[in-house]
Amino acid sequence: MLQKLLPLCLQLACLGGLATAVSIQNSIDFYRNSELQADAAQSAQQCPPPKPHSQVSGCPRRSCRVDADCGESGIRCACDRSLCGAVCVRYNADCSPLPEVVNGYKIEKGPAYLNENSVGQVIQVSCRPPFSLEGSTDTIVCQGNLKWSHPMPRCSREEKCSPPARIPNTVVVRAPPEAPEYASGDQFVYACAPGYRSDRPDLTVSAICTRGQWNMRDIVCSVVSCGHPGDPANGKHLNWNYTYQQKVSYFCFEGYRLTCRSETEKISDCQVRTCNADGRWSGSVPECKSIQCPNLRNPPNGMVSKGWNFVNSVVQYSCHAGYRLVGTASRMCRRNGTWDGEVPRCVVQDCGPPPFVANAYRVQVTSTKYKARVTYTCLPDAKLEGENGGQIICQTDGRWVPAPPKCRSHCKVPTIAWGKALIGRPDGPPAVNKVPSDTTLWVRCDENYQLRRTLYPRCDNGTWTAIPSCVPKDCNDRPPLVKNGIARFYGTKHNDRVIYSCYVGYEAVRGSSVLTCRYGRWVGTPPVCTKKKCPWIESPAGVEKWLIGPEGIKNQWTRPQTTSDNEELVQFQCIGKGMALRGHTHAICLNGQWRPPGSPRCVRQMHKQIPHDWLFYRVGKR
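Mapped onto mature numbering (1 follows the signal peptide of the UniProt record, and there is no 0), the consecutive letters of the sequence shown carry residue numbers -21 to -1, 1 to 601.
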């Protein structure tokens, strides 16, 4: 009990008259003449004032504020927040014990030093899901009359309904107050939302909470359709969804303008229509009227083509003869009913200054307007080329016609060394001094000379297409070939050379190794290439020589001769038994020399002495 739990607290007289504060963990401090109170976490407000004994039956007669007000030991000041207020009770004054909460649990809300059933204790009951609390309150208090303020709350399973699911396209017209759960008998009433219609004749449907479930009839609310909104002639609408709150917009085909049927209706109201909740379209179907541009007048000194004046129609402007158009020649009717561009002007045609012609002068020009004439005359040493005798006329389109003439200058005949120039052909007259433009020369070169450039240079307005010249003739034929040799040359022109060389194993015995091209002929005699020879090989006595032919046939070389053919092969052998050859066994003739050089020799062949035990052995033994 509390008397056993709380120690007796006396004020200590500290040495030196100084009081030292002592902190005790997990304890409650009480001081004499202080009011009974819990810590801040256990008590949020003061105990209510005590009530007169005559007003409340069964409450202790003595009220108090602190334990000292009760006087006697074993009596404490208890706070009954439910009935009696702060009254004096014995330490062992308790209410009846509380049973355990089935499907729930108790929470002590009173001061920490109180037992579960001490006077002043506050008990709160909580239930475990899915159980709920029965009774008017979840909290009871042990009162000063030693009775509990309310019966013990119980936890029982009551079948309640969770908030009903939302029904598409509906609105709630009647419902109980919003709560996390709803009791049996609670009712929600639904109706179709604006713009939606039910498939049933009833306008509303009810959902009733029964045994933890909502009992209701099905309701399907479909969106309202306004149907086809209609199209104007020469126009159409966009958006083919005709249901509630959908909008359709109208447009007219090219060349037409959208207008409302009623003069009081705004263009925005008939251009865009909305499907209303009652299934009807707002506004009315608009009209599409054709767009026309105003008629155009002819410009001064010109005319405009007659035609349609609908949208995209095009008109053409033209001017009278002798006038030219300034501005755009065509205009188009735009969608807003106006012509694009500006009205062009027709001004007097002027061809401008006549073109310049080189090597010519023209008769004085007094006008450059329509039908004016200009005549050109060539200067001396120039030839006139062109139509209409050199005369041009200003036309209605501002051009000088025909094309201006050309005055082509004569060419001076070039001097040709080792040749002469004739006019036109091989038997033509000699060309002297100057010749007219377009004249062609024929050039004849002296003997042993040829024309270096074109045979027919032409005079082109004072300039020759090419300057001819006569140069020594080239050698048209290739240089002569030589047997067993090669000719190297890089051209066949005059003074070009050819160089001859013999193949390996051959040598030039007569003729020249270089020939030169002179005036169309190769000058000199080409060389003659013959095989190189090797000298006779002198060999010591006892050595014989054999010539080996192309197919490996041996012929003994006994006849003395001074030379041997190139690439000829000689084999050396010793005469007689017991002789051995020292040196090379073969030699070959290459480019007039034997390889390897020199001659081998024959020496008597010696053998090692036979071991003695090879010659003698005992009978029966080896």
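C-beta atoms are modelled at their ideal positions from N, C-alpha and C, and glycine is treated no differently. All figures in this text were calculated on a predicted structure; none of them were measured in a lab.
Span of the beta strand (DSSP E) holding ASP59? Counted from its first residue, the sequence shown places residue 59 at position 80. Boundaries of the beta strand (DSSP E) harbouring ASP59: 54 to 59, taken from the DSSP string.
Notebook entry, point to check: Do PRO459 and PRO447 have their C-beta atoms closer together than 8 Å?
Noted result: For the purposes of this step, residue 459 is identified with residue 480 of the sequence shown, where counting begins at 1. For the purposes of this step, residue 447 is identified with residue 468 of the sequence shown, where counting begins at 1. Taking 8 Å as the Cβ cut-off, PRO459 and PRO447 do not qualify as a contacting pair.
Determine the burial state of GLU547: buried for a count of at least 16 other Cβ atoms within 10 Å of its Cβ, exposed for fewer. Position 568 of the sequence shown, counted from the start, is the residue given in the question as residue 547. Answer is buried; the Cβ neighbour count reaches 16.
Exercise for review: Please report how far the alpha carbon of GLN24 lies from the alpha carbon of GLY99, in whole angstroms.
Suggested key: Along the sequence shown, one-based indexing puts residue 24 at 45. Along the sequence shown, one-based indexing puts residue 99 at 120. Confidence at GLN24 is low in this model, with a pLDDT of 46, below 50, so its placement is unreliable and no value can be given for it.
Exercise for review: Indicate whether ARG314 and VAL293 have their beta-carbon atoms separated by less than 8 Å.
Suggested key: Taking the first residue of the sequence shown as position 1, residue 314 is located at position 335. Taking the first residue of the sequence shown as position 1, residue 293 is located at position 314. VAL293 is positioned such that its CB atom lies no closer than 8 Å to that of ARG314.
Q. Would DSSP call ASP8 helix, strand or coil?
A. What you label residue 8 is simply residue 29 of the sequence shown in a count that begins at 1. Only weak support exists for where ASP8 lies, its pLDDT of 42 falling under 50; the coordinates are left without a value.
Contact check, GLY164 vs ILE187 under 8 Å by CB: the rounded distance? Indexing the sequence shown from 1 puts residue 164 at position 185. Indexing the sequence shown from 1 puts residue 187 at position 208. Confirmed, Cβ separation roughly 7 Å.
ask   = Cβ atoms of SER491 and PRO506: under 8 Å apart, would you say?
value = Along the sequence shown, read from residue 1 onward, the residue named residue 506 stands at position 527. Along the sequence shown, read from residue 1 onward, the residue named residue 491 stands at position 512. Yes, they are a contact pair.
Exercise. In the structure shown, what three-state DSSP assignment does ILE246 receive?
Worked result: In the sequence shown, residue 246 corresponds to position 267, counting from 1. In the structure shown, ILE246 sits in a helix (DSSP, three-state: H, G or I).
Contact defined as beta carbons within less than 8 Å: I believe VAL522 pairs with CYS553. What is the distance between those atoms, to the nearest angstrom? The residue given as residue 522 occupies position 543 in the sequence shown. The residue given as residue 553 occupies position 574 in the sequence shown. So it is a contact: roughly 6 Å between Cβ atoms.
Span separating the alpha-carbon of CYS390 from that of LYS413: Residue numbering aside, residue 390 sits at position 411 when the sequence shown is read from its first letter. Residue numbering aside, residue 413 sits at position 434 when the sequence shown is read from its first letter. Linking CYS390 to LYS413 through their CA atoms gives a straight-line distance of about 5 Å.
* Asked: Between the Cα of ILE402 and the Cα atoms of LEU434, SER388 and GLU113, which residue gives the shortest distance?
  -> Indexing the sequence shown from 1 puts residue 402 at position 423. When C-alpha distances from ILE402 are compared across LEU434, SER388 and GLU113, the shortest belongs to LEU434.
Check your understanding: In whole angstroms, what separates the C-alpha of ALA47 from that of CYS74?
Key -> Against the sequence shown, residue 47 aligns to sequence position 68. Against the sequence shown, residue 74 aligns to sequence position 95. Straight-line Cα distance between these residues: approximately 23 Å.
Once the 5 residues before and after ARG324 are set aside, which same chain residues still bring their CB inside 7 Å of it? Here the question's residue 324 lines up with position 345 in the sequence shown. Around ARG324: PRO278, VAL305 and GLY306.
Query - Where ASP46 sits in the DSSP three-state scheme - result: Here residue 46 refers to the residue found at position 67 of the sequence shown. For ASP46, the three-state secondary structure derived from DSSP is helix.
So is ILE371 buried or exposed if we call it buried at 16+ other beta carbons inside 10 Å? Indexing the sequence shown from 1 puts residue 371 at position 392. ILE371 comes out buried.
Query - The beta strand (DSSP E) enclosing GLN166, as first and last residue numbers - result: Numbered from 1 along the sequence shown, position 187 holds the residue referred to as residue 166. Taken as a continuous stretch (DSSP letters only), the beta strand (DSSP E) holding GLN166 covers 166 to 171.
- Query: Is it right to say THR(-2) is buried, meaning 16 or more other beta carbons lie within 10 angstroms of its own, or is it exposed?
  - Reply: Numbered from its first residue, the sequence shown carries residue -2 at position 20. Confidence at THR(-2) is low in this model, with a pLDDT of 37, below 50, so its placement is unreliable and the value that follows should be read with caution. It is exposed - the Cβ of THR(-2) has fewer than 16 other Cβ atoms within 10 Å.
Determine whether the beta carbon atoms of CYS56 and CYS49 lie at a separation below 8 Å. For the purposes of this step, residue 56 is taken as residue 77 along the sequence shown, with counting starting at 1. For the purposes of this step, residue 49 is taken as residue 70 along the sequence shown, with counting starting at 1. Yes, the pair counts as a contact, with Cβ atoms nearer than the cut-off.
**OP:** Work out the CA separation of LEU420 and HIS473 for me, nearest whole Å.
**Re:** As a working note, residue 473 is residue 494 in the sequence shown. As a working note, residue 420 is residue 441 in the sequence shown. Taking the straight line joining both Cα atoms gives about 26 Å.
Looking only at its chain, what residues have a beta carbon closer than 7 Å to the beta carbon of THR356, apart from the 5 residues adjacent to it on each side? Taking the first residue of the sequence shown as 1, we reach residue 356 at position 377. Here the set comprises ALA339, TYR340 and GLY369.
Three-state secondary structure (DSSP) at GLY83?
On the sequence shown, residue 83 is found 104 positions in, with the first residue counted as 1. For GLY83, the secondary structure class from DSSP, reduced to helix, strand or coil, is strand.
Unbroken stretches of the alpha helix (DSSP H), 4 residues or longer, contained in the region 435 to 494:
Here no run is fully enclosed.
Neighbourhood of GLN4 by C-beta, 8 Å cutoff - its chain only, sequence neighbours within 5 removed:
Numbered from 1 along the sequence shown, position 25 holds the residue referred to as residue 4. Residue confidence for GLN4 is low, a pLDDT of 41 falling below 50, so the modelled location carries little weight; the figure read from the coordinates is stated next. Hits under 8 Å: none found.
request  = Could you pull out every unbroken alpha helix (DSSP H) segment of at least 4 residues lying fully inside the region 547 to 586, listed in chain order?
outcome  = As far as the region 547 to 586 is concerned, it has no whole alpha helix (DSSP H) run of at least 4 residues.
_Straight-line gap, HIS565 to GLY499 (C-alpha atoms, nearest Å)_ = Locating residue 565 in the sequence shown gives position 586, where the first residue counts as 1. Locating residue 499 in the sequence shown gives position 520, where the first residue counts as 1. If you take the alpha carbons of HIS565 and GLY499, they lie about 53 Å apart.
May I have the straight-line CA-CA distance separating SER52 from TYR84, to the nearest angstrom? Position 73 of the sequence shown holds residue 52. Position 105 of the sequence shown holds residue 84. Between SER52 and TYR84, the C-alpha separation is close to 35 Å.
| query | Which residues share a DSSP beta bridge with GLU426? | reply | Sequence index remark: in the sequence shown, residue 426 carries index 447 (1-based). GLU426 pairs with nothing; no bridge assigned.
On the criterion of 16 or more Cβ atoms from any shown chain inside 10 Å, does LEU217 qualify as buried, or is it exposed? Taking the sequence shown and counting its residues from 1, the one referred to as residue 217 is at position 238. Burial call: exposed.
Next item on the list: May I ask which residues mark the beginning and end of the beta strand (DSSP E) holding ASN194?
Entry: Taking the sequence shown and counting its residues from 1, the one referred to as residue 194 is at position 215. That run of the beta strand (DSSP E) goes 192 to 195.
Notebook entry, point to check: Apart from the five residues on each side of it in sequence, which residues of its chain come closer than 7 Å, Cβ to Cβ, to VAL104?
Noted result: Counted from its first residue, the sequence shown places residue 104 at position 125. Counting only Cβ-Cβ distances below 7 Å, and skipping sequence neighbours, we find VAL80, GLY83, LYS85, LEU112, ASP117 and PRO132.
Exercise for review: Under the assumption that VAL327 contacts TYR302 (Cβ atoms under 8 Å), give the Cβ distance between them as a whole number of angstroms.
Suggested key: To locate residue 327, count along the sequence shown from 1; it is residue 348. To locate residue 302, count along the sequence shown from 1; it is residue 323. The beta-carbon distance between VAL327 and TYR302, rounded to whole angstroms, is 6 Å. This is short enough to meet the 8 Å contact definition.
Note to self: Since VAL251 and LYS226 should fall inside the 8 Å C-beta cutoff, what is the C-beta to C-beta distance between them, to a whole number of angstroms?
What the structure shows: Counting from one through the sequence shown, the residue named residue 251 turns up at place 272. Counting from one through the sequence shown, the residue named residue 226 turns up at place 247. The beta carbons of VAL251 and LYS226 sit about 6 Å from each other, so the pair counts as a contact at 8 Å.
> How many Å lie between GLN374 and TYR349 at the Cα?
Replying inline: Mapped onto the sequence shown, residue 374 falls at position 395. Mapped onto the sequence shown, residue 349 falls at position 370. When rounded, the distance between both Cα atoms is 6 Å.
- Decide if the region 158 to 175 is in contact with the region 134 to 144; the criterion is three or more beta carbon pairs, one per stretch, under 8 Å apart. A contact between stretches requires three or more CB pairs, one per stretch, nearer than 8 Å, and the region 158 to 175 meets this requirement with the region 134 to 144.
By DSSP, does GLY206 sit in helix, in strand, or in coil? If you number the sequence shown from 1, residue 206 lands on position 227. When secondary structure is reduced to three states using DSSP, GLY206 falls in the coil class, being assigned neither helix nor strand.
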